[in-house]
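Visitor: Count along the sequence shown starting at 1, add 2, and that's the number in my numbering. Glycine is no exception: its CB is placed at the ideal position from the N, C-alpha and C atoms.
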Amino acid sequence: MTALFNKVSSLSGVYVFFMVNRMQALYLVLLMPAYLVHPHMIWGIIIMGILSHFNLWMLSKSFSSGVLSKGYEGFVQLFGTRLVRILAFVGLFMIFIKITVLSLGYIEIANQFILPSINSNWLVLFLFIVVYYLASQGIEKTILFSVIAFFSTIWLMFTLHTFLLPPIASIHDLYPLIPTEWSMDSWKALLLIWASLSGPEYLIFLSPWLNPEQNKLKYWGFANALAILEYLLLFISSLFFFGSDYLEKIKYPVANMIRYLQWPLFERIDILLISFYMFHFVFIISLYLLYFYGATRIILGRVNKQTSKSGFAIIFLTILVSVILINSFFWSSEVENFWLKLQVGSGAITYIFVPALLLLAIKRKGHV
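1) Is the beta carbon of LEU127 within less than 7 Å of some heavy atom of the ligand FMN?
2) If you draw a straight line from the alpha carbon of PHE318 to that of ILE301, how long is it in whole angstroms?
3) Quick check: what's the CA-CA separation for PHE81 versus PHE152?
4) Thinking just about the alpha-carbon of each residue, which of TYR353, GLN79, TYR254, ASN339 is nearest to the one in GLN114?
5) Looking only at its own chain, which residues have a Cβ that is under 7 Å from the Cβ of SER239, when we skip the five neighbours before and after it?
6) Would you mind reading off the limits of the alpha helix (DSSP H) that contains LYS220?
7) Look up PHE45 in the DSSP assignment and say whether it is helix, strand or coil.
8) Of all the alpha helix (DSSP H) runs that stay within the bounds of the segment 167-211, which reach a length of 4 or more residues?
9) Does the segment 242-250 come close enough to the segment 82-94 that 3 or more CB-CB pairs lie under 8 Å?
10) So what's VAL356 in DSSP terms, helix, strand or just coil?
11) Within the chosen definition, does the segment 222-241 reach the segment 44-59 through at least 3 CB pairs nearer than 8 Å?
12) Can you list, in chain order, the residues of its chain whose CB lies under 8 Å from that of VAL346, leaving out five sequence neighbours each side?
13) Just curious, the alpha helix (DSSP H) that ALA5 is in, first and last residue?
14) Here's the rule I'm using: 16 or more other beta-carbon atoms within 10 Å means buried, otherwise exposed. How should GLN264 be labelled?
15) Three or more beta-carbon pairs under 8 Å between the segment 288-301 and the segment 309-325, yes or no?
16) Between the beta-carbon of VAL256 and the beta-carbon of PRO41, is there less than 8 Å?
17) Return the bridge partner residues of LEU13 from the DSSP annotation.
18) Shortest alpha-carbon distance to GLU110 belongs to which of LEU360, GLY349, SER330?
19) Going along the chain, which residues of its own chain have a beta-carbon closer than 7 Å to the beta-carbon of HIS282, five neighbours each way excluded?
20) Could I get the ranges of all uninterrupted alpha helix (DSSP H) runs contained in the segment 287-362, with 4 residues as the minimum, in chain order?
21) Taking 8 Å as the CB-CB cut-off, is SER11 touching chain C?
22) Please name the residue in PHE340, PHE65, VAL356 whose C-alpha comes closest to that of GLY107.
23) Are at least three pairs of beta-carbons, each pair with one atom in the segment 354-362 and one in the segment 63-70, less than 8 Å apart?
24) Between the Cα of VAL92 and the Cα atoms of ARG366, LYS365, ILE351, which residue gives the shortest distance?
25) Quick check: the Cα distance between LEU199 and PRO169, rounded to an integer number of angstroms?
26) Exposed or buried, which one is PHE7 when buried takes at least 16 other CB atoms within 10 Å?
27) From what residue to what residue does the alpha helix (DSSP H) around GLY76 run?
28) Please report the Cβ distance between ILE276 and ALA112, rounded to the nearest whole angstrom; I am assuming they are in contact, meaning their Cβ atoms lie under 8 Å.
29) Would you tell me roughly how many angstroms separate the C-alpha atoms of ILE452 and GLY349, rounded to the nearest one?
30) Going by CA-CA distance only, name the one from TYR353, LEU158, LEU127 that's closest to LEU284.
31) Provide the residue span of the alpha helix (DSSP H) that contains ILE131, from first to last.
32) Can you give the Cα-Cα distance for LEU235 and PHE160, rounded to whole angstroms?
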């Protein structure tokens, strides 16, 4: 195994575009229409997208400061060794929640729509074997894999035109666009949108591998705008297909909707799409696995030592066994919503505080 965190060359800033966009179009997006329900949440998506753009502006300013390109030493310079270890410890829980929800969420979809007769634990094992292979190639090759993850799933947008045109579509399904009342569920829907947009804040750890001269706001902004467009297309298509009254009764509206798409040479396009989505999840989970390993090394004070095959394998097996146990005993229909709330809560918190606190710390040190 090559050194996982070696840097061979500075990668183009365009990889920021691929990674940001794919991080914002993950598992929660497939659930989102069932929680938004009401047509006026179209404005909620747009408003959260604008706020997200401001967050990405703060992240891009942090990237351009040059401090983050120093990696671990840069964070120590900003926060001190002790606080960096504390933050790494907290980060382990945040990353583990993401790995658990993303992997089991995708496995549940694949199990339900493609392989219903197979024990889901076998699917978990297969997914994590692929994840381990990619992550073991190192952080740089994992970043390069974002291109495959992007192009293997972005084509979903081009299949939605069927649901946006008559006779399925009716403009009356988008009424009322102005809310007549505002409930707690509406606030929760906004929180879900915000949590769905989270993820790019974790790119601060990749700054040493990305060219700081090219990490301009345009890459972050285009990625965020494309994600918002995806959200809008998926939500509006779901409204046209299911209607607002029936939409909240469907757990996976996007997957159920595309089951009705048919091509002359391939009738079950949903099988094709869900299969291609595995590249997407493999990329993100591999990245988080490397983050988890890196955070563990920081906590144990082994940052300056060479990465080891055995250490990485122990971290991988620990996470794999934990996810299988959660899938077997704590991922039932009654408990699953608890994990979803953890994912939404943790994602919303990190996306609110990480960009702001990081930029404040950099300004306090006089680097911006």
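Guide: According to the structure data:
1) The ligand FMN is not among the ligands present in this structure, which contains no ligands whatsoever.
2) 17 Å
3) 34 Å
4) TYR254
5) LEU162, PHE165, LEU166, MET259
6) 219-244
7) Checking the sequence, you will find Trp at residue 45 rather than Phe. Here TRP45 sits in helix by DSSP.
8) 186-199
9) no
10) helix
11) yes
12) LEU30, LEU193, LEU194, ALA197
13) First-last for ALA5: undefined, no H or E at that position.
14) exposed
15) yes
16) no
17) LEU212
18) SER330
19) ARG24, ALA151, SER154, THR155
20) 311-331
21) Of the chains in the structure shown, none is chain C; there is only one protein chain.
22) PHE340
23) yes
24) ILE351
25) 32 Å
26) buried
27) 74-81
28) 6 Å
29) This structure cannot speak to residue 452, because the chain is shown only from 3 to 370.
30) One point to set straight first is that residue 284 is Val, not Leu, in the sequence displayed. Of the candidates TYR353, LEU158, LEU127, the one whose C-alpha sits nearest the C-alpha of VAL284 is LEU127.
31) 122-137
32) 10 Å
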